[in-house]
Amino acid sequence: MDIRKEFLDFFESKKHNIIKSAPLVPDDATLLFVNAGMVQFKDIFTGAVPTPTPPRATSCQLCVRAGGKHNDLENVGYTARHHTLFEMLGNFSFGDYFKKEAIAYAWEFITKNLELPVEKLWVTVHDSDDEAFDMWKEHISEDRIMRFGDKDNFWSMGDTGACGPCSEIFYDQGEENFNSPEDKMGGEGDRFLEIWNLVFMQYDRDKSGKLNPLPKPSIDTGMGLERVIAIKEGVLNNFDSSTFKPLIDAIEENASVKKTDENIASFRVIADHVRTVAFMLSEGILFDKVGRGYVLRRILRRAVRHGYLLGFKEAFMGNIVDVLISQMGGHYSQLVEQKDFIKEQILLEEQRFFKTIASGMELFNEELENTKDVFNGEVAFKLYDTHGFPLDLTEDMLREKNIKVDMPKFNSCMDEQKAKAKLAWKGSGDDANDGDFKEILDTIGVNTFVGYDTTSSNAKIVALLDENYKKVDSLQKGSIGWVMLDNTPFYATSGGQEGDVGALEDDEHIAIVKQTKKFFGINMSQVEVTSSNLKVGEDIKAVVIKRNEVEKHHSATHLLQSALKIVLGDTVSQAGSMNDDKRLRFDFTYPKAMSEKQLNEVEELVNNMIASAIPGNVEELPIEEAKKKGAIAMFGEKYGSSVRVVEFGDASVEFCGGTHVKNTANIGSFYIVKESGVSSGVRRIEAVAGKSAVAYAKSFMNKFHEVEAELKTKDITAGIKKLKSTIKDLKAEVQKAQSSNAKPLNEQMIGDVKVIVDIVENGDIKNIIDELKNKNEKVAVMLLQPKGEKVLLACGVKNTSVKAGDWIKNIAPIVGGGGGGRPDFAQAGGKDVSKINEAKEKSLEYLKENL
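Heads up, the sequence shown is in this note's numbering, so the first residue is 87 and it goes up one at a time.
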């Protein structure tokens, strides 16, 4: 039985709309990942947006619980039910049906569709919910309905807001399998397994804690697909079900060891984590040092470490991804579409970690031998900082020994590093969450964007908001607020394209449009009122400015992506973009810096596409037809059944909602200004087109003419060669003069070693040391050189018992400095030239003591 399909088809038959799984990255600043089925419906439940038609939905939502408040990572592999990624089946009522129907639907599906035996089922309700108790009695005997308090059977969205009692359905896995004192209803044992939670959202909790009845109560349910599959297949552990068994078998085939009771946790960790990593990558989440990308890195490296325990010494997870795609690619097409990209990114990250895992494990084991109860926090930080071991990976390894990390010391090291690097991680928030958008949606609806065809139009002001997003009837002269037009030519920031700017006019210029954004589907422009007041109901003319230059950069970005795929390969994928009227920025997946040759090829390809004057074509297509046409989709974007496709002949075909030039020739020209790294596996190209490209080229011509003027020649290549030759000759003369004026160095013998410790006023002290080492079989040299208020130190040794690095570390602090180097050569700098003679004396003393 395909339980996922069975569930969705069942609720579709009950007049629910089937909603696709939302992207793992939620449109919610309070969450790191989507962690429940209701997340994509949160704005409906809170009343931020109007109720859809029909007011009921069903979904199978991919969820991740591996970071932030909801984090199951450390339990994965060691319990029967915890996973970093899982599928949550759910049905939702938005003020439509309530408890009676929700209970009836759940019971029908459980007993009729899934055919779970009634004698194995138990139900819980909140101890105050007599209504739900009585409704359940219509389906199950009263002695199988149990009451529990808030801890187990009350759900709330937060400290305030929507909340209500819930009812849970449990499956009895048998006394013969679980018989500890905790294996009872309400206990902590595994005998009674929760499979479905029905949340009755019927109250609004205010700040005082009072529960006020909602006028239209709602339903939010969630059932873990992996648990249900395990129950149907009669296994007591999710990892023994058909969801995970093919993955575990594939790991065993590739490993050098077989499954045992001792190592089975490692097989399970890898099977779980490969699913999460593949899905996160398929949705455009990339390995990084912070945020979601760091969670992804932690998950993969935890899997690699468990692979290391199984004997893997090189990348292995790609083979497991193939099995996953054969399992789940039919329902989640992004896995198939991004297969090569997913495997490439996993391979690169595995290879990075395998380079350091052996040395990291060696350091870990060395410290572990000296550890009794608490693991050194400084070593844990070194594992993190130098060897790439996430903290929870170190904690995971220590948990097997029942040892904790010295967290105060670890945090101290982390704070010190952050202070040095001046790093800052800022969370995102949405200051518009409390705005009056629902009222606008209820009374006006969304407005119409007409800017694909025009950059100016006559429009009516249908709503105004102040700076705090509260509805007002007018905006006074000098104030800043937001305007909603019935028909607007202003494009709202989306898909990497900056929102339009411009003006609102009647008989006079009355407001400057500073930016345009979308709020819950409403296109709104931020305005600064410059003359007479702006009023709701007023007719104005809306005029967009600078759009042409924005469109040139946006279209150039499409051509750039095509050129990158030609030069670097099809696995290159967009990882972000920004287009405004002055420049473009394009982030893409690629493991290393591009060569000068590759950059030139890409730049030339784009300019050839521009010069070819390829007409643009835009059309709305069914999404499957667009994919067959080869249109490139943006990672992480949620598309409907119909998509807008922007096409420039065979050069570029992409899903895109932005505005573009009519012909590539309109772009003018294109120059790459910079190529750099953004994060591991992600590169960035910054470029200019249109007027900005002309200005960029002009700046180079101006510099060129400046150089001509300085060299006093039109042949600047010959002029530079002549200048370099002159500099070379002058350097030789300076060195000769310094050598002739240099005083002899103080030399003495300590045993059979020639010792030279002296202060040198001129010359390159490194070169002097190299010459002395070449001339002598056994020598130790320390030279100090004053440079204004500072001191340079360098030392070299040859065939002696003294190490240069240790020598200089002892001397540099005397002059207020530090440094180091190899055993045969080291150098340092100091800030206190007044101590140079003391440093000289101590240098000699060090040799006398250590030679």
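Beta carbons are placed, not taken as given, at the ideal position from N, Cα and C, and that holds for glycine.
Please read all numbers here as calculations on a predicted model, not as lab measurements.
Setting aside the 5 residues that flank it on each side, L395 is surrounded in the same chain by S352, each with a C-beta closer than 6 Å to its C-beta; the list follows chain order. Looking from the CA of E819, the closest CA among I428, E624, G849 and G837 belongs to G849. Residue pairing of Q147 in beta bridges, as defined by DSSP: M174.
Cβ-Cβ separation between V615 and K600: approximately 11 Å, too far for a contact (criterion under 8 Å). For M695 and T750, the gap between their C-alpha atoms comes out near 7 Å. Between A898 and I385, the alpha-carbon positions lie close to 44 Å from each other.
Bridge partners of T675 according to DSSP: V768. Around the CB of N609, 16 or more other CB atoms lie within 10 Å, so the residue is classed as buried. Buried is the label assigned to H640, since at least 16 other Cβ atoms lie within 10 Å of its Cβ. Fully contained in the region 549-593 are the following beta strand (DSSP E) runs of length 3 or more, in chain order: 566-571 and 587-591. Relative to D113, the option among G903, F605 and Y164 whose CA is nearest is F605. DSSP places M447 in the uninterrupted alpha helix (DSSP H) bounded by K425 to E455. Taking a cut-off of 8 Å for Cβ pairs, the region 416-431 and the region 452-469 do not touch, as fewer than three such pairs fall below it. Per DSSP, L367 is one residue of the alpha helix (DSSP H) stretching across I350 to S368. Taking all protein chains in view, the Cβ of Q913 is crowded by 16 or more other Cβ atoms within 10 Å, so the residue is classified as buried.
Non-local C-beta neighbours of K748 in its own chain, meaning closer than 8 Å and more than five positions away in sequence, comprise P701 and G702, ordered along the chain. Exposed is the label assigned to D520, since fewer than 16 other Cβ atoms lie within 10 Å of its Cβ. In its chain, beyond the 5 residues on either side, E453 have a beta carbon closer than 6 Å to the beta carbon of V465. Its Cα nearest to that of Q288, the residue K302 stands out among N862, K302 and K296. Going by DSSP, I371 is part of no alpha helix (DSSP H) at all; its letter is neither H nor E. Under the Cβ criterion (8 Å, minimum of three pairs), the region 439-448 does not count as touching the region 352-367.
Excluding sequence positions up to five before and after H746, its CB lies within less than 8 Å of the CB of E637, H640, S641, H644, G702, V704 and V732, all in the same chain and listed in chain order.
Here DSSP, grouped into helix, strand and coil, assigns S542 to strand. Under DSSP, A912 shares a beta bridge with C881 and G907. For F234, the enclosing beta strand (DSSP E) stretches over residues I231 to F234. F278 and I317 have their C-alpha atoms roughly 12 Å apart.
The three-state reading of DSSP puts Q503 in helix, counting H, G and I together. Around the C-beta of D625, fewer than 16 other C-beta atoms lie within 10 Å, and the residue is accordingly described as exposed. With respect to the 8 Å criterion, N239 and C249 are not classified as neighbours on the basis of their beta carbons. Relative to the Cα of G295, the nearest Cα in the group V321, N324, A341 and T246 belongs to T246. Where A628 is concerned, the enclosing beta strand (DSSP E) starts and stops at D625 to I631.
If you compare the alpha carbons of A152, K186, E635 and D335 with that of A357, the shortest gap goes to D335.
Around the Cβ of P708, a 10 Å sphere holds fewer than 16 other Cβ atoms; the residue is exposed. In the DSSP assignment, the residues bridged to Y757 are V774. The region 558-575 and the region 533-549 touch, with three or more beta-carbon pairs separated by less than 8 Å. Secondary structure in the region 164-209: the alpha helix (DSSP H) runs of 4 residues or longer, each lying completely within the stretch, are 185-194 in chain order.
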